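Written below as structure tokens is the structure these notes are about.
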Amino acid sequence: GVPMDTSLHATKGGQYSADITCPELSVLNTTDNIAFGTIQKAIDAGTTSAGETIQLKENTTYSENVTVNKAVTITDQNANNATATGKWTLGGTTDVDLNTGTIAITGLTFQPNSDASILVSNVYNGTVSIQGNTFTIDSAADIGISVQSNRGSGALTSLNISNNTFSGAVSGASAIYFNDDGSSNTNG
14 GVPMDTSLHA TKGGQYSADI TCPELSVLNT TDNIAFGTIQ KAIDAGTTSA
64 GETIQLKENT TYSENVTVNK AVTITDQNAN NATATGKWTL GGTTDVDLNT
114 GTIAITGLTF QPNSDASILV SNVYNGTVSI QGNTFTIDSA ADIGISVQSN
164 RGSGALTSLN ISNNTFSGAV SGASAIYFND DGSSNTNG
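Numbering of the sequence shown is given in the numbering used here, commencing with residue 14 and proceeding in unit increments.
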């Protein structure tokens, strides 16, 4: 169900009229055809299962931190990318078993947030795919994609980072950061 605000107004003759206001729902689970107000609510919904697609409205900015702890695809509606300004964690703070599924992030624009735009951590037994996104890096604290060595109780089957665009890199910033033991840093 979609939350709505309603107000009733008495009219002449003892009847009522209603004003119904529905909030902006810019996140759509296209598999189930259910709309949500935030990306996290769409991921957390009991109706969202592994293998489903969550679509973000084009030309819309999402300023939330997101934890993707299910094997879902998050993509943009059309060619005019949705923009994310929060930190996205693919996996979680505890182990996330993908059960051979895939977390896919495609076609989005990530703006700097003085941290990693996407953090891959505590996820295993499946694939993480980050393809066709645009990352803006404008300070030394920014990282486009950070891949942590802690993959949970096992290893990823596949890690696919391809066809992404990184712009605005400055000295000390990283487009992609691989942390195996805290000493490895790859810019590229």
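All C-beta atoms in this analysis are idealised placements derived from N, C-alpha and C, irrespective of residue type, glycine included.
Owing to the predicted nature of the structure, the values given are computational and were not obtained by experimental measurement.
Bridge partner(s) assigned by DSSP for residue i
{"i": "Asp9", "result": "With the chain running from 14 to 201 in the structure shown, residue 9 is simply not present."}
{"i": "Asn173", "result": "Ser142"}
{"i": "Ser202", "result": "The structure shown has nothing for residue 202, since the chain only spans 14 to 201."}
{"i": "Gly104", "result": "Ser134"}
{"i": "Ser159", "result": "Leu132 and Tyr190"}
{"i": "Ala97", "result": "Tyr75 and Phe123"}
Given residue i as reference, the closest of the options once Cα atoms are compared
{"i": "Ala95", "options": "Thr66, Ala84 and Glu71", "result": "Glu71"}
{"i": "Ala117", "options": "Val160, Asp151, Asn173 and Asn91", "result": "Asn173"}
{"i": "Asn93", "options": "Val85, Thr106, Gln68 and Glu77", "result": "Gln68"}
{"i": "Phe179", "options": "Thr122, Ser171, Gln161 and Thr170", "result": "Thr122"}
{"i": "Pro125", "options": "Glu77, Ala58 and Gly64", "result": "Glu77"}
{"i": "Thr119", "options": "Gly139, Ser162, Thr88 and Val79", "result": "Thr88"}
{"i": "Asn91", "options": "Asn146, Thr60 and Phe191", "result": "Asn146"}
{"i": "Asn192", "options": "Gly167, Ala168, Thr61 and Val160", "result": "Val160"}
{"i": "Ala129", "options": "Thr107, Asp57, Thr140 and Thr98", "result": "Thr98"}
{"i": "Ser171", "options": "Ile143, Leu132, Asn177 and Ile47", "result": "Ile143"}
{"i": "Glu65", "options": "Phe49, Tyr75 and Thr86", "result": "Thr86"}
{"i": "Trp101", "options": "Ala48, Phe148 and Ile131", "result": "Ile131"}
{"i": "Thr106", "options": "Ser152, Val40, Val79 and Gly59", "result": "Val79"}
{"i": "Thr73", "options": "Thr61, Lys83, Leu169 and Gly50", "result": "Gly50"}
{"i": "Val141", "options": "Ser175, Ile52, Ala58 and Leu38", "result": "Ser175"}
{"i": "Ile150", "options": "Tyr190, Ala168, Gly59 and Gln53", "result": "Tyr190"}
Where the beta strand (DSSP E) containing residue i begins and where it ends
{"i": "Ile118", "result": "Thr115 to Thr119"}
{"i": "Ser127", "result": "Counting along the chain, Ser127 falls outside any beta strand (DSSP E), and DSSP gives it neither H nor E."}
{"i": "Asp89", "result": "Thr86 to Asp89"}
{"i": "Thr66", "result": "Thr66 to Leu69"}
{"i": "Thr188", "result": "The sequence given here has Ala at residue 188, not Thr. First-last of the beta strand (DSSP E) with Ala188: Ser187 to Asn192."}
{"i": "Thr80", "result": "Val79 to Val81"}
{"i": "Asn42", "result": "Val40 to Asn42"}
Run of the alpha helix (DSSP H) containing residue i, from where it starts to where it stops
{"i": "Ala55", "result": "Ile52 to Asp57"}
Cβ distance (whole Å) where residue i is taken to contact residue j below 8 Å
{"i": "Gly104", "j": "Asn135", "result": "4 Å"}
{"i": "Ala55", "j": "Asn42", "result": "6 Å"}
Is it the case that the segment 154-164 contacts the segment 176-187, given that we only count it when at least three CB pairs across the two stretches are under 8 Å?
yes
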